[in-house]
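Participant: Quick one: the structure is below, questions incoming.
Numbering (the working numbering), first residue to last: 1 to 88.
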């Protein structure tokens with residue numbers, strides 16, 4: 001266990017950050033699952049309404065450092081590709 005005041009504070013901050021990141025990662029995964037479920041069910045209306053929210057959450061997750069930028073771009077590209085294939 002840390003003995004210095006600054007190390008104790010750093011440990012507290014890390015625990016807080018970890019909890020925030022866990023919540024954000026969970027939110028991201030749930031949003032992506034909902035989008036994929038709508039695409040699999042061929043529900044165009046729901047998929048179209050979820051697309052902007054999903055992209056926004058993916059971009060924010062990349063900004064926060066939850067996922068890397070290229071991973072965010074890949075998620076968006078694949079979801080958008082499925083959406084275009086579904087619309088055609």
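Just so you know, even glycine gets a beta-carbon here, dropped at the ideal spot from N, CA and C.
Quick check on residue 43: does DSSP put it in helix, strand or coil?
Facilitator: Note: residue 43 maps to coil in three-state DSSP.
Participant: Can you tell me whether residue 4 is helix, strand or coil according to DSSP?
Facilitator: Coil at residue 4, not helix or strand.
Participant: Are the CB atoms of residue 21 and residue 67 nearer to each other than 7 Å?
Facilitator: No, these two residues do not count as a Cβ contact at 7 Å.
Participant: Please state the DSSP three-state secondary structure of residue 88.
Facilitator: Coil.
Participant: Count the other C-beta atoms from every protein chain shown that fall within 10 angstroms of the C-beta of residue 16, then say buried if there are 16 or more, exposed otherwise.
Facilitator: Counting Cβ neighbours within 10 Å, residue 16 comes out exposed, since fewer than 16 surround it.
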